[in-house]
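Residue numbers for the sequence shown follow UniProt numbering, so the first one is 1 and each next one is one higher.
The beta-carbon is built from N, C-alpha and C at its ideal position, and this holds for glycine as well.
Here's the structure we're looking at; comments come further down.
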Amino acid sequence: MTSTTVRAPAKINLGLSVGPLRDDGFHELATVYMALDLHDTVRVSLRDDDRITVAVHVDADDREESVDVPLDADNLAVRAVERLRTAAGVSTGVDLVIRKVIPVAGGMAGGSADAAAALVGANAELGLGWSREELAEIGADLGSDVPFLLHGGVGIGTGRGEQISPVLSRGRYGFLVVVAREGLSTPQVYAEFDRLEPDPQSPRIAPELMAALRGHDAERLGEHLSNDLEVAALSLRPELDRVLQIGVDAGALAGIVSGSGPTCVFLLEDDADAQVLTTELWSAPGCADVIHTHGPAPGARIIA
Ligand code: ATP
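This is the structure:
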């Protein structure tokens with residue numbers, strides 16, 4: 001039996017500007033995404049019947065099962081394959097095996113990464129030959145981050161984040177990712193944002209942030225990281241303020257809540273700082289893991 005294995009990255013939002021609520025219930029966004037070298041992998045193989053199954057593992061040997069991710073039709077990877085099948089007019093069954101590394105409900109778009117990987121894998125296994133743009137159109141309905149995760153690198157997202165234009169950025173950056181013991185629900189964070197900011201301005205991207213990316217200026221990038229959802233995440237999870245403080249005191253260029261949180265991301269001046277910072281951050285309240293990673297990374301791609 002053949003299979004296709006696809007790797008898809010986590011994302012952070014270097015800038016996330018949240019504008020007014022639209023008629024469809026989504027906020028107008030302007031965001032600068034960066035894909036990180038922190039990946040889920042999804043193995044896709046075809047079945048003899050028409051079922052779509054999913055297994056989710058959290059270890060390299062595919063033995064330990066995840067407890068936090070749905071194993072039915074609610075799984076975003078399953079929904080992605082279902083949509084692709086419908087759009088292509090095929091009914092071939094598919095088995096999905098996800099190896100989960102991206103924190104669940106962490107504001108790093110792990111579910112959307114699995115959906116992006118499943119689209120790429122199923123596209124290959126079913127021999128559809130669809131372009132990334134075509135897959136992105138299907139994926140956008142499942143999660144606003146899916147189109148970016150198909151493209152990877154650095155990108156500006158507008159609309160509700162699903163309209164992507166690539167950004168020219170030079171060099172790589174080092175990050176520490178602090179994973180929280182307990183996730184935060186994205187809708188809950190947006191509801192808190194609405195309560196705190198009932199009348200937001202039109203979203204905008206800071207030109208200084210773009211200039212820092214063009215010039216590969218980590219210090220300047222650190223000064224211009226911003227996230228409008230941070231205040232809402234901090235309101236729901238006040239201890240994150242302390243996490244951010246610990247990282248900056250220990251020498252990070254900047255710390256920011258990733259997307260809707262509660263994951264916090266720290267920009268490093270130098271990879272040599274990672275070890276000291278990691279030790280300090282392990283003592284932060286609610287910390288479940290500290291991961292040293294880099295960005296930008298490529299989008300969802302076949303690795304086997
Ligand atoms: P985002 O940043 O895109 O808002 P997130 O990173 O905060 O999302 P996810 O890890 O994508 O959160 O998951 C949010 C919820 O989606 C989880 O609580 C889980 O129940 C559900 N979910 C469905 N499919 C998946 C999947 N493949 N991986 C992770 N979560 C999934």
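- [ ] Examine the ligand ATP and report whether any of its heavy atoms sits within less than 8 Å of the Cβ of ASP114.
- [x] Yes, the Cβ of ASP114 comes within 8 Å of a heavy atom of the ligand ATP.
- [ ] Report whether the distance from the Cβ of GLY143 to the nearest heavy atom of the ligand ATP is below 8 Å.
- [x] Yes - the ligand ATP has a heavy atom lying nearer than 8 Å to the Cβ of GLY143.
- [ ] Determine contact between the segment 195 to 204 and the segment 284 to 304, defined as no fewer than three beta-carbon pairs at a distance below 8 Å.
- [x] The segment 284 to 304 and the segment 195 to 204 do not touch, with fewer than three beta-carbon pairs separated by less than 8 Å.
Task: Enclosing beta strand (DSSP E) for HIS27 [first to last residue] - done: Looking at the DSSP string, the run of the beta strand (DSSP E) that includes HIS27 is 27 to 46.
- [ ] Use the C-beta contact count for ASP40: other C-beta atoms within 10 angstroms, 16 or more gives buried, fewer gives exposed.
- [x] Buried: at least 16 other Cβ atoms inside 10 Å.
Task: Cβ shell of VAL248 (< 6 Å), same chain only, five flanking positions each side left out - done: The answer, listed in chain order, is GLY255.
Open item on the list: 9 Å is my cut-off, CB to CB: does VAL248 come that close to chain C?
Closed with: Any reference to chain C falls outside this structure, which holds one protein chain only.
Task: Cβ neighbour criterion (16 or more within 10 Å) applied to GLU65 - done: Result: exposed.
Task: Per DSSP, the bridge partner or partners of ILE302 - done: When beta bridges are read from the DSSP output, ILE302 appears opposite VAL6.
Task: Exposed unless 16 or more other CB atoms sit within 10 angstroms - verdict on LEU213 - done: With 16 or more other Cβ atoms within 10 Å, it is buried.
TODO: With a 10 Å radius around its C-beta and 16 neighbouring C-beta atoms as the bar for buried, classify LEU84 as buried or exposed.
DONE: Label assigned to LEU84: buried.
TODO: Compute the Euclidean distance between the alpha carbons of VAL67 and ALA55, then round it to the nearest angstrom.
DONE: Whole-angstrom Cα-Cα distance: 11 Å.
Open item on the list: Assuming contact is defined by CB atoms lying nearer than 9 Å, are LEU76 and ASP114 in contact in what I supplied?
Closed with: Yes; because the gap between Cβ atoms is below 9 Å, this pair is in contact.
TODO: Go through its chain and collect everything with a Cβ distance to PRO200's Cβ below 7 Å, but skip five positions before and after it.
DONE: These residues qualify, in order along the chain: VAL18, GLY19 and PRO20.
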